[in-house]
Every structure is written in C-alpha cells, then in structure tokens.
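Reading through the structure tokens given below for one structure.
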Amino acid sequence: MADRIFAGVLFLLTLAYGVIAFTSIKAPFQYDPLGPESWPRLLSIVALACIVYILWRPDVDSLHVTRPTWIRLALMVGLLMVYAELYEPLGFVLSTILFAAITARMLGAGILHSIIFGIATGVGGYLLCAVLLELNLPVGEWIEHLIYDTAQTTQEAN
Amino acid sequence: MDTIMTGLGTGFAVALQPFNLMLVLAGCFLGTLIGALPGLGPINGVAILLPIAYGLGFPPELALILLAGIYYGAEYGGRISSILLNVPGDAGAVMTTLDGNPMARNGEAGRALSLSAVASFIGGTIAVILMTLFGPLLAKFAVTFSPANYVALMVFAFASLASLVGKSTVKTLLGALIGLMLATIGVDANTGVARYSFGIPDLLAGIDFLIVVVGLFGMAELLSLVEEQVSGRLKTLPVDNSFVRMADLAKTKWTILRCSIMGFIIGVLPGTGASVASAVAYGTEKRLAGPDGKLFGTGDVRGLAAPEAANNAAAGGAMVPMLTLGIPGSGTTAILLGALLMFNIQPGPLLFTQQPEIAWGLVASMYVGNVALLLINLPLVGLFARMLTIPQHYLTPLIAVLAFVGIYTIVGNPFDLFLITGLGVFGWFLRKLEFSLAPVILGFVLGGLFEGNLRRALSISGGDWAILTDDWKSLLLYGLAIAVVVLPIWMGRRSKKEPAGDA
C-alpha cells in the first residue's frame, strides 16, 4: 500500500515532468540534433515505465511507523522549518540556542540539561565556526540594527 | 613506471608540506570521530562535513586532501560502533559485527579493535599501491574514449548499480532516474534554455549538489535517528587493554592479502562498493577455512580481518574509476566526484596529465592518510569509543546545526535551508520504501555528463543513433551491462530450482 501511494505521487510528478518536456521546453534555435527537451523526454518515459512496474508489483506494505513516531517526526520537521525561518532574523546564536534546547527537550533530555546544551551549542558553535574557522553565519537582523543604532547615536553624540 | 615515479614525487611534494600534512591528520581525525558516531555511516558523515570543508575557502587540492582524509577516517571509524555496539554504521560494516562483536563480548575489545585497524591499514595501503600502478594505465586507455563510449560506460555503471545495490532492481533504477531528473533542473548549458525552474530565480542555476547531498543523506539520516530514537544511552562494551598479537597477524596474513586484492577489484567495478566487497570476502574466507569455518561468527580473528581489509581496499578501489574515468564506483565517491566538480575540476583521463598536482596529491595523501589513521587509531581508540556514548537527544540537534551551518555558509541563502529539509523528508520516505540513496546521488552527479555525452555523440553523427553501437568498446560495455543484469537473475533462478529438484 505504502509503495503504491508513493509510486502514485511519483507517477503524477513524473507525468507532469514528461508533459513539460514534451510540450513546453523548446530552444529558440539550435544546431544540434538533440535539443534541451530530448533528454528529459527520454528520462520521463523510462521513469514512468519503472513506476508502472512498482504500481503493478509493490513490495513494501506498510511503513511500520506508529502514531507517536509520526507525531515526533512531524514535530521535528516543523522545528527544522521554524529554525530555517528564524535563522537570519534572529541570527545563528539565538536561533540555535532555541532550536537545540527545544529539540533536545523533545527527544527526552532534562529541562536544565537541554538549556545548558542549547546555550553551549549556540555560543560554542558560533565561536568555533564563525570566529575560529571564519565561516559565514548570520549575525541576526536585530543585532545588526542594534549595532547600526549604537553607531548612529555615537556619531550623533560626537 | 617513470611517469608513476615522477607523479608520486609531485604528489608527495604536495602531501608532505606541513600544513597539508596537518590537514590530512585533521581530516582523518574528524572522519573517525564522525564515523564512530552510532548509526551515522561514513557517507552521511562525509555529506555533513563536505559543505563545511568547502566553506573554508581552501584551494582545491587542499580541500580535496581534507575531504579524502574525512572519507578514509569515516570508513575507519565505522568499525568502532560495529565492534563495541554491534550497530553497523553502514552496509559495509555489517560483516564486521559478525566476529568483531563476539570478540568484544569475550573481553577482547582491544584486540579486536587493534586487529581491525591493522587489517584496514593493510587493505587500504594495498589498494592505494594498486591504484598507483593501474590508475594511470586506465587513464591512458580512457583518453581514447569517444562520447559514444562514455554513454556506453554510463549505461554499464547504472546497470551494475541496479543489479547489485539495493533489494529491487527497478527501485534502484528509478532512484538513479530520480537523480538524473533532478539534475535537469536549471538552465541547459548548451542552449541556455531554462528547464523546470518555474520562474523561481533560486532554481535557475540548478539545485546545488551540496544541497542534494546534505538533504538526502544528512537530513534523511537525522529523521531516521528521530524515528528509531533510542532513549538514553546505548550500552557499549568497555575497551580493555588487550592488544593484537603477532600470532593473530601470522594467522591472518594470507586472509588480509587475499581480501585486500578481492576488495580492490570489487571496489573498482562501478556501482559496487564496500558492502559487496566485505560480504564476498567474508563468505570466501569462511569457505576457505574448511572445518574451521564453524568458528566464524563466534569471534574468529580471520572473520574480523577479512571484511575489514576488503572494505577499506574497496574504498580505495572505488577511487580508481572516479579519478580516471570520472565515473564513481560508490555513493561516497559520487559525493567526492561532486566535490571535485564544485572546484571546477573535471575528473577523467586527462586529470593525471593536466592537473597532476591534484590527482597525485590526492593519491599521495591517501598513503599518508593510511599511516596517519593507524597511528591515530591505535592509541586514541578509547577516545573515539567515548563518542558512542553521546545520547541521541544531543546528537540529533547537533547534526541539524552542522548541516545548517554547512549549507548556509556556501551562499548565505535561507531558501536552501528549506530545500534541504524538504529533500530530507523525501530521502526518508525513499529509505523507508527500500530505495537505496546511492543511485540517486550517482544519477544526480552523472546527469550532466550523461546528457552532454549523448548530445555530443549525436552531434558528431548528425543525429544518427547508430553511432552509439558503432565500435567494439561500446559494444563490449553494453555486453557487460547486459551480463551484469542478467547473470544474477539467472543464477538466482538456478539456485532456486536446485533445492526444488532435491525435494
């Protein structure tokens, strides 16, 4: 069943992929016998054949995932999305502290341990990656504003 | 022979510079560390560390040396969790648990770890030596390959992948097709036509290779960890003071030698990597041991040495087609190939002549890396074993943070962070449905090359498809491709028939 659902979704996606390849991809002018549309056309046909075979003979019945596990997975994906959303606005340090602490707590660490772990990951990670290895990490919009504002006030004071 | 010697000279001149030496050591250390993490296999470790290594802004040969160190180290580290926890980090390490874990349970963890380190070292070194000898030869031959030959070669690679990797041939093939289709997103290099970008500017340049790798491997792995979440700590067996004895080495020397060569050959074949090599080596040794074969599985030193030598030799062997033909032999080398492409280095027959400092520097750093790993591993194994006790609830968020840092640091685009999360969910579903992920990444990496060669071949012939089967090299490769798909099916049928005939 699980196989069929997944293959069904893939079938629709590949069909859309194929339809686009057969109808809308066109080069305005070309000298080569194979244009940009030929390869996707070829791929979509072979892929559809494979998918039809899986629909015909599926071999995975169920994912064997219990309801609490589904919830935990959904929460995890949700947390990752929120983390991605807040990555730039809040900056690496703050968003990582929040993400690491909440995730650790969700997966079963104690409250105090989670908070310590979160702070250690956020601050330690920033020191290691941004300061020591000079990688590009977001400082955070609010900190940038803060720095900008203080710079302005000091300028005005001068 | 002369070119090999001068090549090696160039290589060692690169690899032995103090800073580069330090990079090899750092890579090996980090790789072992991440390979030893429970449940996190080498391929996922390399995937997570790759963007960070890229983001450091090193010149290509340095970044590659670091990456090769990580790759090697991760393969080494994998055996620690196999032996102490009975949890293999990846498919290649499954065979190591069979005799390694019983030895540890008998109170000989130290002996098992040090013996496997020595076996890995010998396997890895033999593979690099064979690679030094045969790599340039293969490259010289491959220079004569036409675009049509390359198309045939890739058909062969995907055929052997489909028949040897994963449970279902069709699913493996479909996985490779998904990778190939993902690779078509973005502007077509030949005509400048945008394909499947739907007007989203972030997609015009195509999906970045690193995003696919980190998403499909790193993030999917993370979701699997959340799914299988083991509460609390895993119980590890203690590392004691026992050590490998001369008698063990004497008993296993032929095993190690045989398995190294076997592993190398299997590693060179496209699509087959460490997992096939270690399984074949273990099975062969068990048969060769005769009546002693019964001891395999109860903590026999040969049963431990065989898969370890073979899987490290296969890891080296897989580098040969990657460097000389530009066709990776395994999922992990597909990732390394992608890394090379990111630095605008096109691996292939010309790499050894046009950029010897990179090709030979990499080879030399593998010699150095092997020695470094042995030196790091023998005394520090206790430290690496500690990594096993990191509770899952801390490990999981750490992986996510590392993946985000790596991806953000490349272009600083938060859109990519959503993309890796989405691909992670997709990869998790693929895994749950028993698709293997290596074909997807192989398809993605080879997509551009496959399409490009096909189009070039047909441009040469003016649109006549007969060019694809025009010379003996292509025909030989298609023949091999058919053989590699048909033979296992035929042999499976025959072995099924036999027991039926007996009954």
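Chains as they are written, first to last, in our numbering: chain A, 1 to 158; chain B, 159 to 661. In this text, a Cβ means the ideal position worked out from N, Cα and C, and glycines have one as well.
Is DSSP giving residue i helix, strand or coil here?
i	result
B/A363	coil
A/R72	helix
B/A352	strand
B/G489	helix
B/G156	The displayed coordinates of chain B run from 159 to 661. Any statement about residue 156 of chain B would go beyond what the structure contains.
B/G570	coil
B/R391	No answer about B/R391 holds up, because its pLDDT of 49 lies below 50 and its placement is not dependable.
B/A658	With a pLDDT of 47 at B/A658, under the threshold of 50, the modelled position of this residue cannot be trusted; read the value that follows with caution. Note: B/A658 maps to helix in three-state DSSP.
B/G451	helix
B/G461	helix
B/V345	strand
B/L553	helix
B/V172	helix
A/Q30	coil
B/L607	helix
A/T150	helix
B/P200	helix
B/F216	coil
A/M1	coil
B/D257	helix
B/F542	helix
B/D160	helix
B/R416	helix
A/V139	coil
B/L575	helix
B/N264	coil
B/L195	coil
Quick one: measure Cβ to Cβ for residue i and residue j, integer angstroms, because I've assumed they're closer than 8 Å.
i	j	result
B/F608	B/M312	5 Å
B/L322	B/V434	6 Å
B/E233	B/N470	6 Å
B/D398	B/G268	5 Å
B/G621	A/P33	3 Å
A/T121	B/P555	7 Å
B/E466	B/G227	Wrong, their Cβ atoms sit about 19 Å apart, outside the cutoff.
B/A476	B/G431	5 Å
A/L63	B/K590	5 Å
B/A615	B/V301	That belief does not hold up - the Cβ atoms of B/A615 and B/V301 are roughly 17 Å apart, past 8 Å.
B/L531	B/G231	6 Å
B/I485	B/A352	The pair is not a contact, with the Cβ atoms about 28 Å apart (cut-off 8 Å).
B/V539	B/P479	Going by Cβ atoms, the distance from B/V539 to B/P479 rounds to 32 Å, so no, they are not a contact pair.
B/L546	B/S239	6 Å
A/Y126	A/F99	The pair is not a contact, with the Cβ atoms about 13 Å apart (cut-off 8 Å).
B/G293	B/T413	About 26 Å; that fails the 8 Å criterion.
Taking all protein chains shown into account, do 16 or more other C-beta atoms lie within 10 angstroms of the C-beta of residue i, making it buried, or fewer, making it exposed?
i	result
A/Y148	exposed
B/H551	buried
A/S24	exposed
B/N502	exposed
A/E141	exposed
B/K325	exposed
B/P217	exposed
B/R652	exposed
A/F22	exposed
B/E219	buried
B/A624	exposed
B/G659	Annotation note: pLDDT 42 at B/G659 (below 50); position unreliable, no value reported.
B/W586	buried
B/V642	buried
A/I5	exposed
B/G185	buried
B/R613	buried
Check whether the Cβ of residue i sits closer than 7 Å to any heavy atom of the ligand MG, and report yes or no.
i	result
B/A270	No copy of the ligand MG occurs in the structure displayed, which carries no ligand at all.
Go through the region 612-636 of chain B residue by residue and report every complete run of the alpha helix (DSSP H) that reaches 4 residues or more, in order.
-> Listed in chain order, there is nothing to give.
At a cut of 8 Å, does the region 271-283 of chain B reach the region 499-518 of chain B through at least three beta carbon pairs?
-> With a cut-off of 8 Å, the region 499-518 of chain B and the region 271-283 of chain B do not count as touching, because too few Cβ pairs lie within range.
Using 8 Å as the Cβ pair cut-off and three pairs as the minimum, do the region 200-218 of chain B and the region 354-374 of chain B touch?
-> Between the region 200-218 of chain B and the region 354-374 of chain B, the count of C-beta pairs closer than 8 Å reaches three or more; the two stretches touch.
On the three-pair Cβ rule with 8 Å, is the region 519-534 of chain B touching the region 281-294 of chain B?
-> Touching, yes, given that three or more Cβ pairs across the two stretches are closer than 8 Å.
Is there contact here, the region 560-577 of chain B with the region 130-137 of chain A, by at least three beta-carbon pairs under 8 Å?
-> Yes, the region 560-577 of chain B is in contact with the region 130-137 of chain A.
Whole alpha helix (DSSP H) elements within the region 63-126 of chain A, 4-residue minimum = Every alpha helix (DSSP H) of 4 residues or more that sits fully in the region 63-126 of chain A is shown, in chain order, as 67-90, 92-106, 111-126.
Let me know the alpha helix (DSSP H) ranges lying completely inside the region 280-336 of chain B, each 4 residues or longer, listed in chain order.
-> Correct list: 305-322.
Does the region 589-604 of chain B come within contact of the region 328-346 of chain B, defined as at least 3 CB pairs closer than 8 Å?
-> The region 589-604 of chain B, when compared against the region 328-346 of chain B, does touch it at the 8 Å Cβ threshold.
Please specify which runs of the alpha helix (DSSP H), each continuous and at least 4 residues long, are wholly inside the region 477-530 of chain B, giving them in chain order.
-> Listed in chain order, they are 477-482, 489-500, 509-512.
Cβ contact check for the region 347-362 of chain B and the region 624-635 of chain B: 3 or more pairs under 8 Å = No: fewer than three Cβ pairs fall under 8 Å.
Inter-stretch contact at 8 Å, needing at least 3 Cβ pairs: the region 568-579 of chain B / the region 72-91 of chain A | Touching, per the Cβ criterion.
Hey, is the region 415-428 of chain B in contact with the region 439-455 of chain B, meaning 3+ C-beta pairs nearer than 8 Å?
-> These segments touch.
Do three or more CB pairs link the region 182-192 of chain B to the region 234-250 of chain B at distances below 8 Å?
-> Output reads yes: the region 234-250 of chain B touches the region 182-192 of chain B.
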